[in-house]
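Colleague:
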Amino acid sequence: MSSPSKTVSLVLGSGGARGLAHIGVIQWLHEHGYTIRSISGSSMGALIGGIYATHKLEVYTEWVLALERVHVLRLLDPTIGRPGLFKGERVIAVLRELIGDHAIETLPIAFTAVATDLESGREVWLREGDLFDAIRASMATPLVFTPVWHGGRTLLDGAVVNPLPVAPTLDDETDLTVAVDLGGPAESRSAPPVAAPLIDDSSYRRRILKFVGAARPPKVPKATQRQAPKAPSRGLLDVAFASMQIMQDTIAHLRGSVYSPDVTVPIPRDACGFFEFWRAEELIALGRERAEQAFAKAEFGNDPG
């Protein structure tokens, strides 16, 4: 006897390319009889959730599965003299062409993109207006993408204040709240061979060295120098992303103690790099795998009835 479907409020967290695991979680939910009635997302979670709400996630999935490293690089539009390395306009233009223009309030599924007001520091829930304008605001990662002027406010990535936004779903009349946390515990996972970084920040390093060159302390004679242990080599973006991850983990932990979803699907924070969208197949499979594990641990198991 088939069990009645359970309705779900889906919360999709932030985390760059790790957000492709959201696709696998959504696929697993569909295959096991769950019906998604509303979605709340920050950053990459807003992107995947918003596209799903248009009923065109399969189109996006086919597109992202075909991406290679060089395609990802071509989607980035460097900027000079603006508060971010990239404008983010090129990728949004491609997605508009792929998915089409949509108003959030007309979507068949309730959708909330979460952003941060730069001036007030407050969390902003975007629930109406142009879908991709809201997504672009929600994914305005500090340092990486420029902030967005939207609705009379300068908006940043929602992950700055709420990387796993459960609160927008609290009034939903659904059976379950399922949250996909892209900041799960790190794991020792087999990864593809290390390639050169997608973004070469050596030019920034050269500028900094030139600026501080005159202020360098005098050299200490070799006889008095101590051999200090060598620190791991980290680039500018490596440090920035690691810092943001620490901040987001702390915020998610604090908010999680207040708003507890029925099921949390943790995706390892070290599953991939921020820009490694060419690993879509692996990450989608990871989402499916971790959804299976999370529901197996829940008291109602895999049976949506």
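Count along the sequence shown from 1, add 57, and you get the number used in our numbering.
We treat Cβ as the ideally placed atom computed from N, Cα and C, and that holds for glycine.
Ignore the nearest five residues each way along the sequence and tell me which others in Phe334's own chain have a CB closer than 8 Å to its CB.
Modeller: For Phe334, where only same-chain residues beyond five positions count, the Cβ hits under 8 Å are Ala74, Leu77, Val121, Leu124, Val129.
Colleague: Pull up the CB-CB distance for Ala194 and Ala172, whole angstroms please, since I reckon it's below 8 Å.
Modeller: Confirmed, about 4 Å.
Colleague: When you compare the stretch 218-229 with the stretch 99-113, are there three or more beta-carbon pairs, one atom per stretch, that lie closer than 8 Å?
Modeller: Taking 8 Å as the limit for Cβ pairs, the verdict is that the stretch 99-113 does touch the stretch 218-229.
Colleague: Where Ile156 and Tyr109 are concerned, what is the direct C-alpha to C-alpha distance, given to the nearest angstrom?
Modeller: Between Ile156 and Tyr109, the C-alpha separation is close to 10 Å.
Colleague: Under the assumption that Ala342 contacts Gly72 (Cβ atoms under 8 Å), give the Cβ distance between them as a whole number of angstroms.
Modeller: Wrong, their Cβ atoms sit about 17 Å apart, outside the cutoff.
Colleague: What do you get for Arg179, buried or exposed, if any count of 16 or more other CB atoms within 10 angstroms of its CB means buried?
Modeller: It counts as exposed.
Colleague: Could you have a look at Ser346 and say whether DSSP puts it in helix, strand or coil?
Modeller: Going by the sequence as given, residue 346 is Glu instead of Ser. Of the three classes helix, strand and coil, the one that applies to Glu346 here is helix, per DSSP.
Colleague: Just list the residues that DSSP pairs Glu180 with in beta bridges.
Modeller: Paired residue(s): Thr173.
Colleague: Would a C-beta distance cut-off of 8 Å place Val65 and Leu233 closer than the cut-off?
Modeller: Yes, they are a contact pair.
Colleague: Could you spell out the range, first to last residue, of the alpha helix (DSSP H) harbouring Ala214?
Modeller: The residue you asked about is not Ala; residue 214 is Asp in the sequence shown. First-last for Asp214: 210-214, but that is the beta strand (DSSP E), not the alpha helix (DSSP H).
Colleague: Below 8 Å between beta carbons: does that hold for Gly186 and Ala103?
Modeller: Against a cut-off of 8 Å, the Cβ pair of Ala103 and Gly186 comes out as no contact.
Colleague: Using CA coordinates, which residue listed in Thr111, Gln84, Glu162 is at the minimum distance from Arg153?
Modeller: The candidate whose alpha carbon is nearest that of Arg153 is Thr111.
Colleague: Spell out the partners DSSP gives Lys63 in its beta bridges.
Modeller: BP columns for Lys63 point to Tyr91.
Colleague: Could you tell me how far apart the beta carbons of Pro140 and Pro225 are, in whole angstroms, since I believe they sit closer than 8 Å?
Modeller: That belief does not hold up - the Cβ atoms of Pro140 and Pro225 are roughly 27 Å apart, past 8 Å.
Colleague: Assign Pro325 to one of three DSSP states: helix, strand, or coil.
Modeller: In this structure, Pro325 counts as strand in the three-state DSSP scheme.
Colleague: Less than 8 Å between the beta carbons of Trp182 and Glu349, yes or no?
Modeller: Cβ atoms of Trp182 and Glu349: not closer than 8 Å.
Colleague: With respect to the alpha helix (DSSP H) encompassing Glu194, which residues constitute its N-terminal and C-terminal limits?
Modeller: Note that residue 194 is Ala in the sequence shown here, rather than Glu. First-last of the alpha helix (DSSP H) with Ala194: 188-195.
Colleague: Roughly how many angstroms lie between the CA atoms of Pro4 and Ala351, to the nearest whole one?
Modeller: Here the chain covers residues 58 to 362 and nothing more, so residue 4 does not appear.
Colleague: Could you name the residues of the same chain whose beta carbon sits closer than 8 Å to that of Glu346, not counting the 5 residues immediately before and after it, in chain order?
Modeller: Gly81, listed in sequence order.
Colleague: Rounded to whole angstroms, how far is the Cβ of Ser95 from the Cβ of Thr211, which I believe are closer than 8 Å?
Modeller: Ser95 to Thr211, Cβ: 27 Å. No contact.
Colleague: Threshold first: 4 residues or longer. Then list the alpha helix (DSSP H) segments lying entirely within the stretch 89-163, N to C.
Modeller: Qualifying alpha helix (DSSP H) stretches, in chain order: 101-110, 114-122, 126-132, 146-156.
Colleague: If you run the structure through DSSP and keep just helix, strand and coil, what is Phe334?
Modeller: Correct three-state label for Phe334: helix.
Colleague: Which two residues bound the contiguous beta strand (DSSP E) that contains Asp238?
Modeller: First-last of the beta strand (DSSP E) with Asp238: 233-241.
Colleague: For Ala167, list the residues DSSP reports as bridge partners.
Modeller: Ser95, per the DSSP bridge assignment.
Colleague: Are Gly241 and Pro325 touching if we call contact CB-CB under 8 Å?
Modeller: Yes. Within cutoff.
Colleague: Are Ala236 and Thr169 touching if we call contact CB-CB under 8 Å?
Modeller: Going by C-beta atoms, Ala236 is not nearer than 8 Å to Thr169.
Colleague: So, with DSSP's three-state summary, where would you put Val217?
Modeller: Val217: helix per DSSP, three-state reduction.
Colleague: What is the DSSP secondary structure of Leu86, reduced to helix, strand or coil?
Modeller: Here Leu86 sits in helix by DSSP.
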